[in-house]
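Chains as they are written, first to last, in the working numbering: chain A, 1 to 256; chain B, 1001 to 1256. Glycine residues also receive a C-beta, built at the ideal position from the N, C-alpha and C atoms. Since the structure is predicted, the reported quantities are computational estimates derived from the model, not experimental observations. For reference, the structure is listed below as structure tokens.
2 protein chains.
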Amino acid sequence: MPSQHGKSGDPARSLSLLWRTQEPTSRGRGKPGLNVDRIVAAATGLADSEGIAALSMRRVADALGVGTMSLYTYVPGKGELLDLMVDAAYGDLDTDDRSGAWRERLRRIAFANRALYVRHPWMLQVVTTRLLGPNLIAKYDHELSAVDGLNLSEVEMDSTVNLVNGYVESTVRQTLGAEQVARDSGMDDEQWWRTYDPLLAALADDTRFPTASRVGTAVGRAHQAVYDPDHEFSFGLERVLDGVRALVDSRAPTDD
Amino acid sequence: MPSQHGKSGDPARSLSLLWRTQEPTSRGRGKPGLNVDRIVAAATGLADSEGIAALSMRRVADALGVGTMSLYTYVPGKGELLDLMVDAAYGDLDTDDRSGAWRERLRRIAFANRALYVRHPWMLQVVTTRLLGPNLIAKYDHELSAVDGLNLSEVEMDSTVNLVNGYVESTVRQTLGAEQVARDSGMDDEQWWRTYDPLLAALADDTRFPTASRVGTAVGRAHQAVYDPDHEFSFGLERVLDGVRALVDSRAPTDD
DNA sequence: ATCCTGGCCCGTAGGGCGTACGGGCCAGTG
DNA sequence: CACTGGCCCGTACGCCCTACGGGCCAGGAT
Chain A
1 MPSQHGKSGD PARSLSLLWR TQEPTSRGRG KPGLNVDRIV AAATGLADSE
51 GIAALSMRRV ADALGVGTMS LYTYVPGKGE LLDLMVDAAY GDLDTDDRSG
101 AWRERLRRIA FANRALYVRH PWMLQVVTTR LLGPNLIAKY DHELSAVDGL
151 NLSEVEMDST VNLVNGYVES TVRQTLGAEQ VARDSGMDDE QWWRTYDPLL
201 AALADDTRFP TASRVGTAVG RAHQAVYDPD HEFSFGLERV LDGVRALVDS
251 RAPTDD
Chain B
1001 MPSQHGKSGD PARSLSLLWR TQEPTSRGRG KPGLNVDRIV AAATGLADSE
1051 GIAALSMRRV ADALGVGTMS LYTYVPGKGE LLDLMVDAAY GDLDTDDRSG
1101 AWRERLRRIA FANRALYVRH PWMLQVVTTR LLGPNLIAKY DHELSAVDGL
1151 NLSEVEMDST VNLVNGYVES TVRQTLGAEQ VARDSGMDDE QWWRTYDPLL
1201 AALADDTRFP TASRVGTAVG RAHQAVYDPD HEFSFGLERV LDGVRALVDS
1251 RAPTDD
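In structure tokens, the structure reads:
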């Protein structure tokens, strides 16, 4: 199922790819039919529609009507392709709007990131450490600016942004994982529970796990009734922002 | 790199495996040399030491000195094996200690979960939706009990526990991802930045991303100096718990 | 006008993976 | 004593990534 792609290639090459550092050549046969952008776009489309599990170099090449190995003329390997896909996707975020107070800005950032991950679920499967593409840096800069000027230390600013982003990622991951399982099994939550709850009840009786049983039932009922994912997401987000507020208040004790 | 395993097998079979529902048979050839527990243990050892990317049915079978296909006598497939591994790993958590006030209890839970994920990094790569093993349910019950009796609704209790768990998972994921990249590249952060920062500086000048540049530099320096991962983890955790406190206080306005 | 060169494209092949299928083996039961 | 059903597993199929090397061809150099 899993793993990461190691990528392990030359970081200098990766950087030059991410920042599109390449003068158009003259030598060589006519116009190239392929280029990095087309490959990234095809791969992204495939990953969006069929999931990252279906993303293979063969499938990408097929989608482009080209031999598998042709991709390697433009991209060192699958790992670098994934990096390029992630940075390109982050390019969809608005990094210009810097209006409003910190809480409103962090809220907007959280919702925008969430929407992006929902659009491109595979992004959550790619490790982005040392992925220094232009769009990732612009995103980081934009997010940090939301908590700049609040008397936080630089390390605290970084932690705060990571805290919010971590919340977004973990909730989206949860949601997408559930959707994937539902898709794979061909049963939605209600069908599934109706079928297997009796079986589970025979194994784990309510007296052994009283709290889990009570809460699980209530949560199931709530989801079945008027379940609003945005509301659920907002609830946790406001808790996180309350925590940030406590920090911000403590750093600006006199003028608040 | 990624994906999940679909598993898609018969959930009833999975449940019976997770809860070890099987009377020892009599018919058949002598004593079986293999059993589910031995397979799960071997697979866990392999995943712990070499990463989930190295976990293959062949490798597990080799570690047990057995043919690959013999595993399928005890386990329907790789997906189910991963489920069994996860539930078994959660069995290491202490689910008895219910002493202390909610904040202290959530703090203990967060640290215990973090330690578990550090010990078994591959756990973060397995989707646990509808994974209803005995240890996972016991964990859920134990964690919910930490926020029981605080006048929270059941849905709020569930959200709160998820909030804390989500924080833990996202921070550990970040840390482990960074470690994996460092291992794969053979360079620690300091070496890496010393080598590639000049290259990056040529591409992204400081004036274009002023906040990212300032904060990135400060965070890098801080990590290089007296970096204490526990302290970093605690910082964010206390922010999360502050957010929970705001909720708890609002639900018990009169007697606090 | 010819040759060279270097980019592009990609077929082949090697070493992984998960697992379906079917068959050999043998202890206990009938 | 035959049978049966659990155990063990070799083989094979269809995927995956990618190293290697070769064919092709437009432009530059001579």
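CA-CA distance, residue i and residue j?
i	j	result
L1131 (chain B)	V219 (chain A)	16 Å
Y117 (chain A)	F111 (chain A)	10 Å
L1081 (chain B)	L176 (chain A)	22 Å
P2 (chain A)	A1043 (chain B)	Confidence in P2 (chain A) is poor, its pLDDT being 47 and thus under 50, which makes the residue's placement unreliable; the coordinate value appears in the next sentence. In a straight line, the C-alpha of P2 (chain A) is about 14 Å away from that of A1043 (chain B).
A1222 (chain B)	N162 (chain A)	16 Å
M1123 (chain B)	D1184 (chain B)	20 Å
D1092 (chain B)	S99 (chain A)	48 Å
T1217 (chain B)	S1056 (chain B)	41 Å
R114 (chain A)	D94 (chain A)	13 Å
G1067 (chain B)	S1145 (chain B)	45 Å
D1256 (chain B)	Y1167 (chain B)	The predicted position of D1256 (chain B) is uncertain, since its pLDDT is 48 and thus under 50; a value taken from the coordinates is nonetheless stated next. Looking at the two C-alpha atoms, the distance is approximately 27 Å.
G236 (chain A)	M157 (chain A)	20 Å
A1201 (chain B)	R1208 (chain B)	11 Å
I1109 (chain B)	V1147 (chain B)	12 Å
V1181 (chain B)	P198 (chain A)	45 Å
R1059 (chain B)	G133 (chain A)	36 Å
Y1227 (chain B)	G1079 (chain B)	38 Å
Y1090 (chain B)	Y1196 (chain B)	40 Å
L17 (chain A)	A1047 (chain B)	33 Å
G1045 (chain B)	G1065 (chain B)	15 Å
G51 (chain A)	I1052 (chain B)	19 Å
R1245 (chain B)	R1119 (chain B)	30 Å
K1139 (chain B)	N151 (chain A)	39 Å
G149 (chain A)	Q125 (chain A)	33 Å
D1096 (chain B)	E143 (chain A)	41 Å
H231 (chain A)	A225 (chain A)	13 Å
A1054 (chain B)	H5 (chain A)	12 Å
D1249 (chain B)	R194 (chain A)	37 Å
L1015 (chain B)	T1025 (chain B)	19 Å
E104 (chain A)	W1102 (chain B)	29 Å
Q1022 (chain B)	N135 (chain A)	54 Å
From the options, pick the residue whose C-alpha is nearest to that of residue i; which is it?
i	options	result
L84 (chain A)	A:T25, A:R59 and A:R20	A:R20
E1154 (chain B)	B:S1213, B:A1041 and B:R1251	B:R1251
K1007 (chain B)	B:A1063, B:V1127, B:L1247 and B:R1239	B:V1127
P32 (chain A)	A:S70, A:L237 and A:A201	A:S70
A1012 (chain B)	A:V147, A:W192 and A:S234	A:W192
I1039 (chain B)	B:A1063, B:E1143 and B:A1053	B:A1063
D1206 (chain B)	A:D249, A:I137 and A:A61	A:I137
F1233 (chain B)	B:I1052, B:V1172, B:Q1022 and B:D1249	B:V1172
P1121 (chain B)	B:Q1174, B:D1096, B:A1101 and B:K1139	B:Q1174
P1229 (chain B)	A:A225, A:P229, A:S159 and A:H231	A:S159
L1034 (chain B)	B:A1061, B:E1023 and B:L1015	B:A1061
Would the beta-carbon of residue i fall within 7 Å of that of residue j?
i	j	result
Y1074 (chain B)	V1036 (chain B)	yes
E1169 (chain B)	S49 (chain A)	no
D141 (chain A)	T1211 (chain B)	yes
V164 (chain A)	L106 (chain A)	yes
R214 (chain A)	L1247 (chain B)	no
G1243 (chain B)	D242 (chain A)	yes
A1178 (chain B)	T129 (chain A)	yes
G186 (chain A)	P76 (chain A)	no
What are the residues of the region 1193–1208 of chain B that lie near chain A, defined by any Cβ-Cβ distance shorter than 7 Å? Y1196, L1199, L1200, L1203 and A1204
Where the region 228–253 of chain A meets chain B: residues whose CB sits under 9 Å from a CB there: E232, F235, G236, E238, R239, V240, L241, D242, G243, V244, R245, A246 and L247
For the region 42–69 of chain A, which residues have a beta carbon sitting closer than 9 Å to at least one beta carbon of chain B? G51, I52, A53, A54 and L55
Where the region 125–151 of chain A meets chain B: residues whose CB sits under 8 Å from a CB there: Q125, V126, V127, T128, T129, R130, L132, P134, I137, A138, Y140, D141, L144, S145 and D148
Chain-ordered residues of the region 83–104 of chain A with a beta carbon less than 7 Å from chain B: Residues of the region 83–104 of chain A that bring their beta carbon within less than 7 Å of a beta carbon in chain B are absent altogether.
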